[in-house]
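Participant: Please see the structure below; I have some questions.
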Amino acid sequence: DTGVSQNPRHKITKRGQNVTFRCDPISEHNRLYWYRQTLGQGPEFLTYFQNEAQLEKSRLLSDRFSAERPKGSFSTLEIQRTEQGDSAMYLCASMILGTGNTIYFGEGSWLTVV
Amino acid sequence: AQSVTQLDSQVPVFEEAPVELRCNYSSSVSVYLFWYVQYPNQGLQLLLKYLSGSTLVESINGFEAEFNKSQTSFHLRKPSVHISDTAEYFCAVSLTGKLIFGQGTTLQVKP
Chain S
401 DTGVSQNPRH KITKRGQNVT FRCDPISEHN RLYWYRQTLG QGPEFLTYFQ
451 NEAQLEKSRL LSDRFSAERP KGSFSTLEIQ RTEQGDSAMY LCASMILGTG
501 NTIYFGEGSW LTVV
Chain V
103 AQSVTQLDSQ VPVFEEAPVE LRCNYSSSVS VYLFWYVQYP NQGLQLLLKY
153 LSGSTLVESI NGFEAEFNKS QTSFHLRKPS VHISDTAEYF CAVSLTGKLI
203 FGQGTTLQVK P
């Protein structure tokens, strides 16, 4: 396994701009998760997919956030009209359903909104 | 609703001393329990997990955790820590396939 891959690893953007993060899960992992982590806090669940279907979205995921997994493989997380409060690390994770519930995380994508 | 409480935000300890990082969870049904470790500027790595069976689970690098259903706890322990164990440790519960994390405990190992 090559692991969960995320890019870009770091993104600095101006307030009001749109940003998109990409996640490539471990091959054949049918579940894919997005989490957000701010400094000194634990990761907070945002949303998850089973194959291409988005099964659950957190209340944290405002209308400015949208996530897709069009072919059940890679996923994108887009943030529109970024705000300074969006500054955080966005973590992607994946899992094969039914194999011990072990969720594997990527290295994360750091977003700084200035 | 599920929740996780890590009782200590920071735990300073000297090298080769024992350590315990405390985790309590709240759930009305059976859960799966996990400990993850996060080194600076990196993602989370699975340390160990409890799904069922023996209540004592071990990791390959000397950590162990014991599931205590009556006390709803899943404390992490290591008998002798190394400098390289300095990191952030997160306890998590899973019920419907997603993880709910605690706030994290920073383990600071001093020489």
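For the protein sequence lines, the chains are S and V, in the order given.
Quick note: the first sequence uses this note's numbering, first residue 401, plus one each step.
Quick note: the second sequence uses this note's numbering, first residue 103, plus one each step.
Idealized CB from N, CA, C, for every residue including glycine.
Predicted model only: the values in this text are computed from it and were never measured.
1. May I ask which residues mark the beginning and end of the beta strand (DSSP E) holding A453/S?
2. Check the Cβ of L491/S against every Cβ in chain V and list those closer than 8 angstroms, keeping chain order.
3. Taking any Cβ of chain V, which residues in the region 451 to 464 of chain S have a Cβ under 8 angstroms from it, in chain order?
4. Just verifying my parser: in three-state terms, what is the DSSP assignment at I412/S?
5. Cutting at 7 angstroms between CB atoms, please list the residues of its own chain near V106/V, excluding the five before and the five after it.
6. When you compare only the Cα positions, how much space is there between N501/S and P425/S?
7. Is the separation between the beta-carbon of S509/S and that of C492/S shorter than 9 angstroms?
8. Report the neighbours of Y134/V on chain S: residues whose CB is nearer than 7 angstroms to its CB, in chain order.
9. From the DSSP output, in three-state form, read off I162/V for me.
10. According to DSSP, E168/V sits in a beta bridge with which residue or residues?
11. So, do the region 434 to 443 of chain S and the region 477 to 491 of chain S have three or more beta carbon pairs nearer to each other than 8 angstroms?
12. Hey, out of S129/V, A103/V, E117/V, V121/V, whose CA is closest to T174/V's CA?
13. Less than 9 angstroms between the C-beta atoms of P142/V and I185/V, yes or no?
14. Spell out the partners DSSP gives F421/S in its beta bridges.
15. Note down, in chain order, every chain S residue with its Cβ under 8 angstroms from the Cβ of I202/V.
16. Going by the CB atoms, is the gap between G506/S and G442/S shorter than 9 angstroms?
17. List, in order along the chain, the chain V residues whose C-beta lies closer than 8 angstroms to that of R431/S?
18. For a test of the three-state rule: what should DSSP assign to S128/V, helix, strand or coil?
19. Just verifying my parser: in three-state terms, what is the DSSP assignment at Q144/V?
20. By how many angstroms is the C-alpha of R481/S removed from the C-alpha of F136/V?
21. With DSSP as the reference, please indicate the residues paired to T207/V in a beta bridge.
22. Have a look at S111/V, R179/V, Y134/V, P181/V and flag the residue whose alpha-carbon is nearest the alpha-carbon of G498/S.
23. Are the beta-carbon atoms belonging to Y152/V and F176/V less than 9 angstroms from one another?
Facilitator: So, from the listed chains and residues:
1. Indexing the first sequence from 1 puts residue 453/S at position 53. First-last of the beta strand (DSSP E) with A453/S: 453 to 457.
2. As a working note, residue 491/S is residue 91 in the first sequence. What L491/S touches in chain V: G145, L146.
3. E456
4. Working through the first sequence from its first residue, we reach residue 412/S at position 12. I412/S falls in the strand class under three-state DSSP.
5. As a first step, residue 106/V must be located in the second sequence, where it is residue number 4. Here the set comprises C125, Y127, C193, A194, V195, I202, F203, G204.
6. Against the first sequence, residue 501/S aligns to sequence position 101. Against the first sequence, residue 425/S aligns to sequence position 25. Looking at the two C-alpha atoms, the distance is approximately 15 angstroms.
7. The count along the first sequence starts at 1 and reaches residue 509/S at position 109. The count along the first sequence starts at 1 and reaches residue 492/S at position 92. Yes. Within cutoff.
8. If you number the second sequence from 1, residue 134/V lands on position 32. Ordered by position in chain S, the residues that pass the 7 angstroms Cβ test against Y134/V are N501.
9. As a first step, residue 162/V must be located in the second sequence, where it is residue number 60. I162/V: coil per DSSP, three-state reduction.
10. By 1-based counting over the second sequence, the position of residue 168/V is 66. Its beta-bridge partners are L158/V, H177/V.
11. yes
12. One-based indexing of the second sequence puts residue 174/V at position 72. Nearest option by C-alpha distance: S129/V.
13. As a first step, residue 142/V is located in the second sequence; it is residue number 40 there, counting from the start. As a first step, residue 185/V is located in the second sequence; it is residue number 83 there, counting from the start. No, Cβ-Cβ distance for P142/V and I185/V is not below 9 angstroms.
14. Along the first sequence, read from residue 1 onward, the residue named residue 421/S stands at position 21. DSSP output for F421/S lists L477/S as bridge partner(s).
15. Working through the second sequence from its first residue, we reach residue 202/V at position 100. Correct list: F445.
16. Here residue 442/S refers to the residue found at position 42 of the first sequence. Here residue 506/S refers to the residue found at position 106 of the first sequence. No, Cβ-Cβ distance for G442/S and G506/S is not below 9 angstroms.
17. Numbered from its first residue, the first sequence carries residue 431/S at position 31. Here the neighbours are G199.
18. Mapped onto the second sequence, residue 128/V falls at position 26. It is a strand residue.
19. The residue given as residue 144/V occupies position 42 in the second sequence. Reduced to three states, the DSSP call for Q144/V is coil.
20. Translated into the one-based positions of the second sequence, residue 136/V becomes position 34. Translated into the one-based positions of the first sequence, residue 481/S becomes position 81. Near 35 angstroms, if we compare the C-alpha coordinates of R481/S and F136/V.
21. In the second sequence, residue 207/V corresponds to position 105, counting from 1. For T207/V, which the question treats as bridged, DSSP gives the partners Y191/V.
22. Mapped onto the first sequence, residue 498/S falls at position 98. Of the listed residues, the one whose Cα sits closest to G498/S is Y134/V.
23. Within the second sequence, residue 152/V is the residue found at index 50, counting from 1. Within the second sequence, residue 176/V is the residue found at index 74, counting from 1. Yes. Within cutoff.
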